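Input: a single structure, listed below in structure tokens.
Numbering (mature numbering (1 follows the signal peptide of the UniProt record, and there is no 0)), first residue to last: -22 to -1, 1 to 360.
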């Protein structure tokens, strides 16, 4: 579907209380929503749509042997961006080549698809992947826009392919930077997508634009009836360049986000929430804006993909060149692993066999690539 701004919804606000004395901090519960700019706009369709699940029910942290040498699954990938699993096979996107690779646990790699119409410029190209019910969902940059398509999966593991594409959503702002690009299905069965501000900070606060948002849609690209802004795919706004989304066992949604020059963020996502950009960056303690639960200087972060396993959130970091483990029950106890050992890290995912896979990203033009880059590395449970 092509997004059209919904009538009368200007820079609105769901006013959400957020205040704390120090960093890191826990997200405050949402206050009642205020009226939007258009007083005729109805409130969110259900109280459940605005509920934020408790973070107290986190499961015990899963333990991986992150201090041991990882198993090298495969190497010599070209600017890889996302990992999604279909059965025992991993599907990996290459940003610049527009290839989707099928990767087996033993390291066998083959080209499963070449996505047509992908335009690589700067940070744009073939980005996020998600798999659901026999379909591969693909977020990519086309001519003047980012889009989401889905492809029927064909073949068996070891010989996977895709059929003809179906457009799910287009019209997401695109640029040489800040394209967002992560897609994932939530526990509610809805498809979520992170959209960057395309280098135009004002888009993040414009509810008539898809830029600078986290979007929520049905698997067919339609607007769910219980979205916070009626008739809109916008789920949260005020984002600069979010690139990671994941859910805890209790349903709480988390997102990683690139800041500008001061703070990168880890946020708890609340339906209808305003996350501050382009007026604020990091913890600001301003009424009506939701502060991150953790923040870091970009030199220690530049966060991309995230995965949650057993009560611990694992975050891939690019400029920070590390894997960060955040215990959700106590975020200030976060621990960094692999600091400057494998270079830039773009994505992290739990494999079907229980290993934790990480995807390096040293061939994206900003890293110091070694002769074996880029690689998928696997850490076994302890």
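Beta carbons: idealized from backbone N, C-alpha and C, even for Gly. No experiment lies behind these values; they were computed from the predicted model shown.
Query	Result
Rounded C-alpha distance that separates residue 251 from residue 235	15 Å
Bridge partner(s) assigned by DSSP for residue 215	191, 252
CA-to-CA distance, residue 287 to residue 42, given in whole angstroms	10 Å
Where residue 308 falls, given that 16 or more other Cβ within 10 Å makes a residue buried	exposed
Backbone CA spacing between residue 356 and residue 209 [nearest angstrom]	42 Å
Boundaries (first-last residue) of the beta strand (DSSP E) holding residue 317	Here residue 317 belongs to no beta strand (DSSP E), and DSSP marks it neither H nor E.
Straight-line Cα distance separating residue 175 from residue 249	19 Å
Residue 312 in three-state terms, based on DSSP	coil
Close Cβ partners of residue 10 (< 7 Å) along its chain, the five nearest in sequence each way excluded	With a pLDDT of 32 at residue 10, under the threshold of 50, the predicted position of this residue should be treated as unreliable, though the coordinate-derived value follows. So the list is empty, once near-sequence residues are dropped.
Span of the beta strand (DSSP E), counted from its first residue to its last, around residue 335	334 to 338
Spatial neighbours of residue 63 in its chain, beta-carbon cut-off 8 Å, leaving aside the 5 residues before and after	69, 109, 327, 329, 330
Delimiting residues of the beta strand (DSSP E) encompassing residue 281	281 to 287
Own chain, CB closer than 7 Å to residue 39, minus 5 neighbours either side, in chain order	Residue confidence is low: residue 39 scores 46 on pLDDT, short of 50, so the model does not pin down where it sits. Its coordinate-derived value is still stated next. Closer than 7 Å at Cβ, skipping near neighbours: 288, 289, 290, 305.
Separation of residue 172 from residue 218, as counted between CA atoms	10 Å
Residue range of the beta strand (DSSP E) that includes residue 50	49 to 52
Residue 222 - DSSP class collapsed to helix/strand/coil	strand
Beta-bridge partners of residue 113, as assigned by DSSP	110, 130
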